[in-house]
Amino acid sequence: MNADSRKKLCWITGASTGIGAATALAMAREGWDVVMTARSSDKLEQIAKLSSEFKGRLIPLPGDVTHKDGMKAAVETIEKNYGPIDLAILNAGAYIPEDLGSFSSEKFISQVQLNLFGTVFCLEALLPFFIRRHAGHIALVASVAGYRGLPRSLGYGSSKAALIHLAEALAIMGKPYGIKVQVINPGFVKTPLTDKNDFPMPFLIDSGVAAQRIVDGLKTNKFEITFPKRFAYLLKAIGLLPDRLYFAIARKAMREGGR
């Protein structure tokens with residue numbers, strides 16, 4: 013994230029609300045020009061009106077990451093009209109709490125389609141440009157829910173676990189091409205997604221705080237950016253336990269959460 017003679021350009025998906033919107037504002041505050049993609053053009057336009065408050069521009073570019081051709085067109089539009097993309101924060105995602113009694117393949121597939129394949133479609137559009145330039149920075153937004161299986165997180169956790177593995181493979185394969193890859197694993201952040209939860213959310217933080225953690229983490233060479241750290245490290249420690257003990261702890265947490 014070193015400055016040069018031109019402003020750096022960042023593309024953020026899922027930028028209309030929550031972590032995506034807060035990160036767009038934080039990056040513009042740092043002086044980056046930020047192209048914001050999400051399905052809601054109205055929300056993007058509202059955020060873009062704040063551009064005058066920052067050193068960088070906030071540029072709305074509505075789109076649906078689940079549309080493969082649409083993402084190809086979006087990247088081509090950015091590269092042609094605004095300049096080369098230096099950093100892509102692929103954040104678009106959805107969370108639907110699931111119980112076994114109401115398990116739905118449609119809900120599961122919709123989360124995987126948006127969280128995982130939406131990211132894949134963005135990568136397919138981006139990588140040729142990054143490889144050609146022998147430069148680029150990609151940050152995939154996964155979740156601590158991808159560390160191990162969690163109650164009520166069937167489709168969400170599965171898609172986020174896949175994103176973590178995808179980021180790891182990209183980090184290995186991208187280095188010879190000059191491509192930096194990081195994974196962002198948030199814990200509980202107050203957003204429209206977590207507002208759906210009806211259980212305790214330990215170490216809950218504001219989306220603005222989360223965005224600053226992301227901006228700070230992107231300046232480092234650490235592969236994983238995670239927050240709140242106490243919660244992430246706790247989950248990692250619990251995840252190292254033998255399966256039998258881990259499942260017992262997870263079931264206890266599920267009972268205490270009323271499920």
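Going by my numbering, 219 is the number at position 207 of the sequence shown; the sequence numbering is gapless. Beta carbons: idealized from backbone N, C-alpha and C, even for Gly.
Between the Cα of residue i and the Cα atoms of the options, which residue gives the shortest distance?
i	options	result
L37	A249, M266, S219	S219
P74	K192, T131, D54, K84	D54
G186	H177, L139, A157, G158	L139
K231	P188, T29, M39	M39
E236	V156, V132, G148, K67	V156
E136	A106, A85, G190	A85
A27	V46, N93, F243	V46
G169	I143, G148, A106, G113	A106
G43	T49, Q58, R18	R18
T25	I59, T131, G68	T131
L70	S114, G113, K20, S117	K20
For residue i, I'd like the list of residues in its chain whose CB is within less than 7 angstroms of its CB, leaving aside the five on either flank, ordered along the chain.
i	result
D76	R51, G82
A34	S219, G220, A222, A223
H146	Y189, G190
L178	L152
Ordered along the chain, which non-local residues of its own chain (more than five positions away) have a Cβ less than 8 angstroms from that of residue i?
i	result
R271	For R271, the pLDDT reaches just 48, beneath the cut-off of 50, and the residue's location in the model is therefore unreliable, leaving the point undetermined.
I31	N103, V153, P198, V201, T203, S219, A222, A223, I226
K119	I108, E110, G167
K264	none
V87	W23, I97, C134, A137, L138, F141
G68	K19, M39, A40, R41, E42, G43, W44, D45, V46
Based on DSSP bridge pairs, tell me the residues matched to residue i.
i	result
A194	Residue identity differs from the one stated: residue 194 is Gln in this sequence, not Ala. According to DSSP, Q194 bridges with A151.
P72	M48
I24	M48, I101
F259	In the DSSP output, where bridge partners are listed per residue, F259 has none listed.
D228	Answer is none; D228 lacks a bridge partner.
I237	I196
V201	I217
For the putative contact between residue i and residue j, defined by C-beta atoms under 8 angstroms, what is the C-beta separation to the nearest angstrom?
i	j	result
P72	L62	That pair is no contact at about 11 angstroms.
L128	T78	With 8 angstroms as the limit, L128 and T78 do not qualify as a contact, their Cβ atoms being about 10 angstroms apart.
F66	I97	F66 to I97, Cβ: 19 angstroms. No contact.
Under the rule that 16 or more other beta-carbon atoms within 10 Å means buried, what is residue i, buried or exposed?
i	result
S171	buried
L175	buried
I323	Summary: the structure shown does not reach residue 323, with the chain confined to residues 13 through 271, and so no result is reported for it.
L253	exposed
Y159	buried
A181	exposed
To which residues of the same chain is residue i closer than 6 angstroms at the C-beta, ignoring the five residues directly before and after it?
i	result
I150	A100, V193
G3	This structure cannot speak to residue 3, because the chain is shown only from 13 to 271.
K80	F133
I217	V201, P240
CB of residue i to nearest heavy atom of the ligand ZN: below 8 angstroms?
i	result
A262	In terms of ligand content, the structure shown is empty, and the ligand ZN therefore cannot be addressed.
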